[in-house]
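Participant:
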Amino acid sequence: MEQQFGCCLWFDGQLAEAADFYMKTFEDSKKKNETHFISNEHGTIGDLLTVTLELAGTEFLLLNGGPDFEPTPAISYVVNCENEKQLNDVWKQLNQSGETLMALTDYPELGKFGWTNDRYGVSWQVRLGESLQTIIPCIMFANKNYGLAQAAIDEWITTFGGKQTFVIKGKDDRLRASGFQLRGHDLIIMDSPEKHAFDFSMGNSFYFYFNDQADIDHVWNLITKNGKEWPCGWMEDRYGVSWQTVNNDLLAWTNDSNLEKARRATEEMYKMKKIDLARIKRAHDGIL
Numbered sequence: 001m002e003q004q005f006g007c008c009l010w011f012d013g014q015l016a017e018a019a020d021f022y023m024k025t026f027e028d029s030k031k032k033n034e035t036h037f038i039s040n041e042h043g044t045i046g047d048l049l050t051v052t053l054e055l056a057g058t059e060f061l062l063l064n065g066g067p068d069f070e071p072t073p074a075i076s077y078v079v080n081c082e083n084e085k086q087l088n089d090v091w092k093q094l095n096q097s098g099e100t101l102m103a104l105t106d107y108p109e110l111g112k113f114g115w116t117n118d119r120y121g122v123s124w125q126v127r128l129g130e131s132l133q134t135i136i137p138c139i140m141f142a143n144k145n146y147g148l149a150q151a152a153i154d155e156w157i158t159t160f161g162g163k164q165t166f167v168i169k170g171k172d173d174r175l176r177a178s179g180f181q182l183r184g185h186d187l188i189i190m191d192s193p194e195k196h197a198f199d200f201s202m203g204n205s206f207y208f209y210f211n212d213q214a215d216i217d218h219v220w221n222l223i224t225k226n227g228k229e230w231p232c233g234w235m236e237d238r239y240g241v242s243w244q245t246v247n248n249d250l251l252a253w254t255n256d257s258n259l260e261k262a263r264r265a266t267e268e269m270y271k272m273k274k275i276d277l278a279r280i281k282r283a284h285d286g287i288l
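The opening residue of the sequence shown carries number 1 in the UniProt record's numbering; numbering runs sequentially from there.
#1: Nearest-angstrom Cα distance between Arg174 and Ala151?
#2: Can you give, in chain order, each stretch of the alpha helix (DSSP H) that sits fully within the segment 214 to 258 and has at least 4 residues?
#3: What did DSSP end up calling Met1 once you bin it into helix, strand or coil?
#4: Count the other CB atoms, across all protein chains shown, that sit within 10 Å of the CB of Val167; report buried if there are 16 or more and exposed otherwise.
#5: Given a cut-off of 7 angstroms on the beta-carbon distance, is the pair Pro71 and Gly286 in contact?
#6: In the DSSP assignment, find the unbroken alpha helix (DSSP H) run with Val90 in it and report its ends.
#7: Buried or exposed: where does Glu268 fall if 16 or more other Cβ atoms within 10 Å of its Cβ makes it buried?
#8: Check whether chain C comes within 7 angstroms of Glu155, counting only Cβ atoms and requiring the distance to be less than that.
#9: Return the chain-ordered list of same chain residues with a C-beta closer than 6 angstroms to the C-beta of Met1, the five sequence neighbours on each side being excluded.
#10: Quick one: measure Cβ to Cβ for Thr25 and Gln86, integer angstroms, because I've assumed they're closer than 8 angstroms.
#11: Out of curiosity, what's the CA-to-CA distance linking Asp20 and Leu55?
#12: Going by the CB atoms, is the gap between Leu63 and Cys8 shorter than 7 angstroms?
#13: In terms of residues, what are the limits of the beta strand (DSSP E) holding Gly102?
#14: What is the C-beta distance between residue 297 and Gly129, in whole angstroms, given that I count them as a contact (C-beta under 8 angstroms)?
#15: Any idea if Asp172 is buried or exposed, counting beta-carbon neighbours within 10 angstroms, 16 or more meaning buried?
#16: By a C-beta neighbour count over all protein chains shown, 10 Å radius and 16 as the cutoff for buried, is Ser97 buried or exposed?
#17: With distances taken from CA atoms, which of Ala262, Leu61, Gln4, Val126 is nearest Trp91?
#18: Rounded to the nearest angstrom, what separates residue 354 and Tyr22 at their Cα positions?
#19: In angstroms, rounded to a whole number, what distance separates the CA positions of Trp234 and Ser242?
#20: When DSSP labels each residue in this structure, what does Asp154 get in the three-state scheme?
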């Protein structure tokens, strides 16, 4: 099935090293592609800009975005492991040179479970699953967002299309945990009553592959109505979660083997907030 969804992790360099680390850690992993800076506007020409990986069936884009943002545990990734040996191996890899948030041990109701930030600051929850290894993004609503998880699910399903798959209620009718799908991809959300020193950051974001300009416009208008517009097709919703608009034609233009065409398309995209496919194509074709 054609990929519709991905998770973006923000790095300040170290992309090649991080890509190797994640591919060694997870099952059914592969590098799908990589891109390089083709102008000096946001980096050094020739340096790695992105590496796209498939890790246990989920697409991850590693972005060399510089020092402005870092991932936080407000968005983590739940690794469902096939057996205990696999769980221990994954934990050992992720926890090495990382930061333990919850030690790997048996917990009431959770079973064997651990939560760690890896050496790059990316947050992972590791647990025993019931089948092949999978990775599911988990979104924590805490601090000013506490109690708004159900409202967020409803808004995201309306915006992107999807459904709620399970609900576990906690105290005061808050969501202790809930599963939902957006465009066919599973996610988890939870309300956390504890105060945390972190919140959402552009260091973690999600992206969808949009079919056309109308699809982009529809989602952009809904998300940014009470959120924020950011450059290059990035948008932040009213809860602080960051989303990106991706399109296969856009990727083809900005990664054209003809470097001059790719440069023109990329530099035109840098001028935008909401992606304008027609304008980027004209720049790519040299007729702007």
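A virtual CB, placed ideally from N, CA and C, is assigned to each residue, including glycine.
Facilitator: Answer, in terms of the structure:
#1: 11 angstroms
#2: 248 to 254
#3: Residue confidence is low: Met1 scores 48 on pLDDT, short of 50, so the model does not pin down where it sits. Its coordinate-derived value is still stated next. Residue state, collapsed to three classes: coil.
#4: exposed
#5: no
#6: 84 to 95
#7: buried
#8: Protein chain content of the structure displayed is limited to a single chain, and chain C is not contained in it.
#9: Low per-residue confidence applies at Met1: pLDDT is 48, beneath 50, and the placement is therefore not dependable, though the value from the model is reported in the following sentence. No residues qualify anywhere along the chain.
#10: 11 angstroms between Cβ atoms; not a contact.
#11: 11 angstroms
#12: yes
#13: Going by the sequence as given, residue 102 is Met instead of Gly. 99 to 107 is the extent of the beta strand (DSSP E) around Met102.
#14: Examination of residue 297 is not possible in this model, given that the chain is present from 1 through 288 alone.
#15: exposed
#16: exposed
#17: Val126
#18: In this structure the chain extends from 1 to 288, so residue 354 is not present and cannot be described.
#19: 7 angstroms
#20: helix
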